[in-house]
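These notes are about the structure you will find just below.
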Amino acid sequence: MPELPEVETVRAGLERVLVGRRFVRIDQRRRDLRFALPERFAERLAGRRVESLGRRAKYILIRLDNGEVLVVHLGMTGRFSVRAPSRRAGGEGIVLGDYVYDHGGDARHDHLVFTMSDGSLVTYNDARRFGYMELVPEAEMEGHPFFAGLGVEPLSDDLTPAYLAARARGRKVDLKALLMDQRIVAGLGNIYVCEALFRAGLDPFKRAATLATKTGKAMPAAVRLVAAIKSVLAEAVRAGGSTLRDYKQADGSLGRFQNEFAVYGREGQRCLRRGCRGTVRRKVQGGRSTFYCPVCQR
DNA sequence: AAAAGCCCCTGGACGC
DNA sequence: TGCGTCCAGGGGCTTT
1 MPELPEVETV RAGLERVLVG RRFVRIDQRR RDLRFALPER FAERLAGRRV ESLGRRAKYI
61 LIRLDNGEVL VVHLGMTGRF SVRAPSRRAG GEGIVLGDYV YDHGGDARHD HLVFTMSDGS
121 LVTYNDARRF GYMELVPEAE MEGHPFFAGL GVEPLSDDLT PAYLAARARG RKVDLKALLM
181 DQRIVAGLGN IYVCEALFRA GLDPFKRAAT LATKTGKAMP AAVRLVAAIK SVLAEAVRAG
241 GSTLRDYKQA DGSLGRFQNE FAVYGREGQR CLRRGCRGTV RRKVQGGRST FYCPVCQR
């Protein structure tokens, strides 16, 4: 599910319900998700107060009052839902990102249920269990394997044409693979890479090295690409991310950016660029689907 | 060191 | 209705 805009949307939603509350009870129903959950997870979390919520790349960072950070990665299908403490009519809950409390899915995949000090219930559901959680002392975050090799935040000033060109210089991979690589730019995934390359008018199969001159300076393509990445992500964050197949009951606070896709999931449909007569194609690239317009992405 | 493949896991859509 | 195949927003690990 989640790339940067979706993770950011979930982070913001959780922030509203977690900050200032303490973990009272941790109902842990499995030993592991993708990886083993932390040793003595419940005991270590119980009684801790949530200070703040942050995000780095596709990780949600839940800062606790003992200097530790609960680091959460949602994988493909990880979701949080929240049931408010007292809700008439049986408590239908709060919507977080593309997630409704009654996820309409499978309680079998409710792997963790946190009871907070205000009585709200926060459930982590993850059908495929590609998600994971870890408790990391704040001081060790930077050097932690999760974070040590991560590339720049795309919405920060660290992502510049010069940076991208320098990282692309001499690389043999194609543009799609470069942008999917979390060590270069952290937080992009299949959807937003496809959309950014479309906006920049760049062929996903073109070599990444073409972003740089021989001396490693930014080519115009790098300038366009950086602008495209930033604009598509910023718009998606504003729209609350994208909601794909999990769209259940319509709800205003679900993600809306899926309605803005220019290429993703639009195989066989007309290119949306003004004046372009092209048709969106899908090709498997690096084991994943790439959607692009062969006419205007060159 | 970089690039390419395989793998993890479950569910939904589709064809027969 | 049932079964097989393909596909899915993640990325780690292994091999070349």
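Per my numbering, the first sequence starts with residue 1, numbered consecutively. Note that CB positions come from ideal geometry on N, CA and C, so glycine has one too.
| task | Can you say whether residue 252 is buried or exposed, counting buried as having 16 or more other CB atoms within 10 angstroms of its CB? | result | Note that residue 252 scores 37 on pLDDT, short of 50, meaning its location in the model is unreliable; the coordinates nonetheless yield the value given after this. Burial call: exposed.
| With 16 other CB atoms within 10 Å as the buried threshold, where does residue 120 fall? | buried
| task | For residue 214, count neighbouring Cβ atoms within 10 angstroms of its own Cβ and tell me buried if that reaches 16, exposed if not. | result | exposed
| Proximal residues to residue 44 (C-beta, below 8 Å), its chain only, five neighbours per side dropped | 38, 68, 135
| query | Curious, which full-length alpha helix (DSSP H) runs of at least 4 residues does the segment 137-172 contain? | reply | 145-148, 161-168
| query | Among 2, 107, 114, 73, which one has its Cα closest to the Cα of residue 50? | reply | 114
| Between the segment 178-186 and the segment 235-244, are three or more C-beta pairs nearer than 8 Å? | no
| said: Our contact map puts residue 132 next to residue 111 with C-beta atoms below 8 Å; I'd like the distance itself, whole angstroms only. | reply: With 8 Å as the limit, residue 132 and residue 111 do not qualify as a contact, their Cβ atoms being about 11 Å apart.
| message | Rounded to the nearest angstrom, what separates residue 11 and residue 75 at their Cα positions? | response | 14 Å
| Is the number of C-beta pairs between the segment 47-66 and the segment 11-26 that are closer than 8 Å three or more? | yes
| query | For residue 35, is the classification buried or exposed, using 16 other Cβ atoms within 10 angstroms of its Cβ as the cut-off for buried? | reply | exposed
| query | Start and end of the alpha helix (DSSP H) containing residue 264? | reply | Residue 264 -> no alpha helix (DSSP H), and no H or E assigned at all.
| task | Report the partner residues of residue 190 according to the DSSP bridge assignment. | result | In DSSP, residue 190 forms no bridge with anything.
| Contained beta strand (DSSP E) runs [length at least 3] in the segment 26-68, N- to C-terminal order | 50-56, 59-64
| field | Nearest to residue 106 (by Cα), restricted to the options 81, 279, 260, 118 | value | 81
| Selection from 171, 40, 278, 139 that minimises the alpha carbon distance to residue 298 | 278
| field | Beta carbon of residue 171 nearer than 8 Å to that of residue 200 | value | no
| task | Could you pull the start and end residues of the beta strand (DSSP E) that residue 13 belongs to? | result | That residue, residue 13, is in no beta strand (DSSP E); its alpha helix (DSSP H) goes 4-18.
| said: Bridge partners for residue 270 per DSSP, in chain order? | reply: 279
| query | Taking C-alpha atoms, which residue in 164, 165, 204, 169 lies nearest to residue 175? | reply | 204
| field | Neighbour-count burial assignment, residue 161, 16 or more Cβ in a 10 Å radius | value | buried
| What does DSSP give as the partner residues of residue 134 in its beta bridges? | 71
| message | Please report the distance separating the alpha-carbon of residue 26 from that of residue 231. | response | 39 Å
| Below 8 Å between beta carbons: does that hold for residue 267 and residue 282? | yes
| query | Alpha carbon to alpha carbon, what distance is there between residue 272 and residue 144? | reply | 43 Å
| field | Continuous alpha helix (DSSP H) stretch holding residue 288: start and end | value | Element bounds for residue 288: not the alpha helix (DSSP H) but the beta strand (DSSP E), 288-292.
| Near residue 152, which residues of its chain fall below 7 Å by C-beta distance, leaving aside the five closest residues on each side in sequence? | 158, 159, 163, 185, 186
| query | How long is the line joining the alpha carbons of residue 118 and residue 77, rounded to whole angstroms? | reply | 27 Å
| task | Please state whether DSSP places residue 128 in a helix, a strand or coil. | result | coil
| query | In three-state DSSP terms, what is residue 257? | reply | helix
| field | Candidates 167, 5, 28, 31, of which the one nearest residue 59 by Cα | value | 5
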